[in-house]
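Peer 1:
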Amino acid sequence: MIIDLDDLYLMNWEEIIMEIKTKFNLGDKVVGISHCTKEIIITCSTCDATGVIIVKNKKFECPDCYGEGEHTEYKPEAWYIVTDEGILSGYDNIVKIDVDITREETKIRYILGRKYSKSYSGTLWDENDLFKTTEEAEAECERRNEELEKLE
């Protein structure tokens with residue numbers, strides 16, 4: 003049975019049973035990837051870097067740069083495998099699955115923790131950044147880094 007999201011508001015919520023397919027299950031051991039970022043300062047084109055816009059001879063703070071004349075964007079610089087070193091050491095098991103469903107998308111994210119522990123990482127990991135094996139993670143890092151090189 004397929005249910006339109008508009009119909010959900012008219013239904014009795016106790017009758018709804020959802021089956022959501024996930025890439026991983028609770029307890030699965032995973033390998034995560036992340037990226038370094040580079041900071042890029044962008045001159046605001048809305049206010050021509052003045053920080054203000056003029057409407058009917060009145061000055062207003064620029065809504066795009068909040069009066070700064072510029073804004074900062076963060077672009078991925080290089081993808082890498084999150085190793086067992088540092089703060090995430092041992093946090094490699096799925097301990098919580100977070101599902102966010104909107105009209106536009108279904109977003110599945112995971113929280114990692116230590117096996118047989120109530121200790122969590124606190125970081126929500128996108129499903130596309132977690133892999134079953136180191137080899138899969140390495141291949142995806144290589145693919146994403148090649149894409150970044152093409153963009154430069």
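For this note's numbering, count along the sequence shown from 1 and bump the result up by 2. C-beta atoms are modelled at their ideal positions from N, C-alpha and C, and glycine is treated no differently. Note that the structure is a prediction, hence the values are computed from the model and not measured.
Quick check on Phe-133: buried or exposed, where buried means 16 or more other Cβ atoms within 10 Å of its Cβ?
Peer 2: Buried is the call here.
Peer 1: Hey, how far is the Cα of Gly-69 from the Cα of Thr-45?
Peer 2: Answer to the nearest angstrom: the Cα atoms are 12 Å apart.
Peer 1: Excluding the 5 residues preceding and the 5 following Lys-98 in the sequence, name in chain order all residues of the same chain whose CB lies nearer than 6 Å to its CB.
Peer 2: For Lys-98, where only same-chain residues beyond five positions count, the Cβ hits under 6 Å are Ile-113.
Peer 1: Mind checking which residues open and close the alpha helix (DSSP H) that includes Leu-150?
Peer 2: Taken as a continuous stretch (DSSP letters only), the alpha helix (DSSP H) holding Leu-150 covers 136 to 153.
Peer 1: Among Arg-145, Ile-35, Asp-30 and Glu-106, whose alpha-carbon lies nearest the alpha-carbon of Thr-136?
Peer 2: Checking every option, the nearest Cα to that of Thr-136 belongs to Ile-35.
Peer 1: Lys-58 lies in the beta strand (DSSP E); which residues open and close that run?
Peer 2: Unbroken run through Lys-58: none, as it is neither H nor E.
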